[in-house]
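Novice: In my numbering, the protein residues as written are 23 to 325.
In this text, a Cβ means the ideal position worked out from N, Cα and C, and glycines have one as well.
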Amino acid sequence: MPTETMKTKKYALLYGRKEYGKTEKVPAFADTVSKAIFLTEKGKKYIAYLLFPYAGYHIIENIDKIRFYKNIIGKTKIEEKAYCCDIAVIYKKVLYQIEFNDSTKKDDRMRNLSYVNINMMHFDMEYQSRKIKADEKEKIKREVERAVLINFNNFGVRGKEEKIEDVYYIQNDEKNLYTKKVQIVDIYLPNVWLKYYNKDKELTEYEKFLFVAYTDKRKDALKVAKGSEIMEDLYHDNVEVMLGDIYENTRTIEYRANSAGYDRGYERGEENANQKTAEILKSLHVSPEIIEKATGISFSKKR
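1. Do the segment 165 to 177 and the segment 116 to 135 touch if we need at least three Cβ pairs shorter than 8 Å?
2. In this structure, does DSSP put N139 in helix, strand or coil?
3. Considering only the beta carbon of each residue, do E160 and V116 sit closer than 8 Å?
4. Quick check: the Cα distance between I59 and N260, rounded to an integer number of angstroms?
5. Which term fits S151, buried or exposed, when burial requires 16 or more other beta carbons within 10 angstroms of its beta carbon?
6. Can you tell which of S320, M253, R240 has the C-alpha that lies nearest to the C-alpha of V48?
7. Assuming the contact rule is C-beta atoms closer than 8 Å, L72 and I120 should be a hit. Round their C-beta distance to whole Å, please.
8. Any idea what DSSP makes of I319, helix, strand or coil?
9. Would Q205 be called buried (16 or more neighbouring beta carbons within 10 Å of its own) or exposed?
10. How long is the line joining the alpha carbons of D130 and R89, rounded to whole angstroms?
11. By how many angstroms is the C-alpha of T201 removed from the C-alpha of G249?
12. Indicate the three-state DSSP secondary structure (helix, strand or coil) for D238 in the structure shown.
13. Give the DSSP bridge partners of A110, in chain order.
14. Measure the C-alpha to C-alpha separation of V55 and K155 and round it to an integer number of angstroms.
15. Taking the alpha carbon of V189 as the reference point, which residue from K57, N173, Y137 has its own alpha carbon closest?
16. Using DSSP's beta-bridge definition, name the partner residues of A70.
17. Looking at C-alpha atoms only, which residue of P212, I319, Y91 is the closest neighbour of E11?
18. In chain order, what residues of the same chain have a beta carbon less than 7 Å from the beta carbon of K67, not counting five sequence neighbours either side?
19. If you reduce the DSSP assignment to three classes, tell me which class N84 lands in.
20. Report yes if the CB atom of L256 is closer than 8 Å to the CB atom of A50, and no otherwise.
21. Between the alpha carbons of E148 and K128, how many angstroms are there, rounded?
22. From the DSSP output, which residues share a beta bridge with D195?
23. Could you give the C-beta distance for L171 and L135, rounded to a whole number, given that I count them as a contact under 8 Å?
24. Under 8 Å between the Cβ atoms of Y79 and C107?
25. I109 and I69 - do their beta-carbons sit closer together than 8 Å?
26. Among the candidates K44, I140, Y236, D242, whose CA atom is the shortest distance from the CA of D53?
27. May I ask you to list the residues that DSSP assigns as paired with D208?
28. Output the distance between the C-alpha atoms of G181 and I209, rounded to the nearest integer angstrom.
29. Nearest by alpha-carbon distance to Y91: which of F74, H144, E83, Y76 is it?
30. Mapping the DSSP letters down to three states, classify E227 as helix, strand or coil.
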């Protein structure tokens, strides 16, 4: 059985610490490392593996159908702070939002859910707008029909050390189901780590993948990954990314270059995005005052 020291050490793991020994690695779910590993075309195969329990195993065989979706929603006149998530992809009309959480704060978790709700609102507005403009005989299909928010948590639930996963839908205070359009998954990564060191319990294939990504012990990660091509690839990419200066390796430079281009494009495109949103709101006969509050674009500019 794992000792109390093991529990304390892993529950206290800080993704952001600066120094790792030669036998250690930065977890693949750490902020900078995760962007370098997952937010690339090659990284889609890892995303597919993270998602297959919830999207179906066929996602692994259809990686080319995974589409990255914007992971930043800019500030508006209503929201002072931009919404941002770690990874957002669309597959078979489902928006999958992946979050790597290091905080137990309720506000942070609500912010993750807010991003999902905002995106679903945008998808619905676009659908309604196209439906209004379409010919009567034209059949309009939704781009996204539902969303799944998957939280990979760097913390566990006290008294539930054996609990790996929670899956649920949003409920109101009376425990009544609010909607089935948004599903929430909580995965407690430290409990995967604890299960590995409990020799009486065998990790599932999915849990092995999570362990390889999450553990900071190279030897244990490589031992678990052995014999699995995707896990071995993940391990080697993980170590490659963190070798030397974690912020200056080739893969991270590639990500930073893409990110810089995205940021420049985003700055230029943010006004266009607000313009498009204003057009949609106007087509839905939303009042000019609300349009201006939501987008910063006055009704006079829309005429």
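Specialist: Reading it off the structure:
1. yes
2. Translated into positions along the sequence shown, residue 139 becomes position 117. Three-state result, N139: helix.
3. For the purposes of this step, residue 160 is taken as residue 138 along the sequence shown, with counting starting at 1. For the purposes of this step, residue 116 is taken as residue 94 along the sequence shown, with counting starting at 1. Going by C-beta atoms, E160 is not nearer than 8 Å to V116.
4. By 1-based counting over the sequence shown, the position of residue 59 is 37. By 1-based counting over the sequence shown, the position of residue 260 is 238. Going from the Cα of I59 to the Cα of N260 covers about 7 Å.
5. The residue labelled residue 151 in the question sits at position 129 within the sequence shown. S151 should be labelled buried.
6. Counting from 1 along the sequence shown, the entry for residue 48 is found at position 26. Of S320, M253, R240, the residue nearest in Cα terms is R240.
7. For the purposes of this step, residue 72 is taken as residue 50 along the sequence shown, with counting starting at 1. For the purposes of this step, residue 120 is taken as residue 98 along the sequence shown, with counting starting at 1. Contact holds; Cβ gap of about 7 Å.
8. Taking the first residue of the sequence shown as position 1, residue 319 is located at position 297. Reduced to three states, the DSSP call for I319 is coil.
9. Taking the first residue of the sequence shown as position 1, residue 205 is located at position 183. Counting Cβ neighbours within 10 Å, Q205 comes out buried, since at least 16 surround it.
10. The residue labelled residue 130 in the question sits at position 108 within the sequence shown. The residue labelled residue 89 in the question sits at position 67 within the sequence shown. Cα to Cα, the separation comes out at about 26 Å.
11. On the sequence shown, position 227 is the one that residue 249 refers to. On the sequence shown, position 179 is the one that residue 201 refers to. Rounded to whole angstroms, G249 to T201 spans 41 Å at the Cα level.
12. Here residue 238 refers to the residue found at position 216 of the sequence shown. The answer is coil: DSSP assigns D238 none of H, G, I, E or B.
13. In the sequence shown, counting from the first residue as 1, residue 110 sits at position 88. Note: A110 sits in a beta bridge opposite Q119.
14. Reading the sequence shown from its first residue, position 33 is the one you call residue 55. Reading the sequence shown from its first residue, position 133 is the one you call residue 155. Approximately 44 Å, taken between the alpha carbons.
15. The residue you call residue 189 lines up with position 167 of the sequence shown. Residue N173 is the option with its Cα nearest to V189.
16. Taking the first residue of the sequence shown as position 1, residue 70 is located at position 48. DSSP lists no partner for A70.
17. Since the displayed the chain opens at 23 and closes at 325, residue 11 lies outside it and no answer follows.
18. Counting from one through the sequence shown, the residue named residue 67 turns up at place 45. Cβ neighbours of K67 beyond the five flanking positions: I85, I252.
19. Translated into positions along the sequence shown, residue 84 becomes position 62. It is coil, neither helix nor strand.
20. Within the sequence shown, numbered from 1, the residue matching residue 256 stands at position 234. Within the sequence shown, numbered from 1, the residue matching residue 50 stands at position 28. Yes, they are a contact pair.
21. Position 126 of the sequence shown, counting from 1, holds the residue named residue 148. Position 106 of the sequence shown, counting from 1, holds the residue named residue 128. Taking the straight line from one Cα to the other gives about 31 Å.
22. To locate residue 195, count along the sequence shown from 1; it is residue 173. For D195, which the question treats as bridged, DSSP gives no partner whatsoever.
23. Residue 171 sits at position 149 when you count from the first residue of the sequence shown. Residue 135 sits at position 113 when you count from the first residue of the sequence shown. The pair is a contact, with the Cβ atoms about 6 Å apart (cut-off 8 Å).
24. What you label residue 79 is simply residue 57 of the sequence shown in a count that begins at 1. What you label residue 107 is simply residue 85 of the sequence shown in a count that begins at 1. Contact: no.
25. Taking the sequence shown and counting its residues from 1, one reaches residue 69 at position 47. Taking the sequence shown and counting its residues from 1, one reaches residue 109 at position 87. Against a cut-off of 8 Å, the Cβ pair of I109 and I69 comes out as a contact.
26. As a working mapping, residue 53 is identified with position 31 in the sequence shown. Cα-wise, what sits closest to D53 is Y236.
27. Taking the sequence shown and counting its residues from 1, the one referred to as residue 208 is at position 186. According to DSSP, D208 bridges with N173, D188.
28. The residue you call residue 181 lines up with position 159 of the sequence shown. The residue you call residue 209 lines up with position 187 of the sequence shown. Between G181 and I209, the C-alpha separation is close to 15 Å.
29. Taking the sequence shown and counting its residues from 1, one reaches residue 91 at position 69. When each option's Cα is compared against that of Y91, the closest is H144.
30. Taking the sequence shown and counting its residues from 1, the one referred to as residue 227 is at position 205. Helix at E227.
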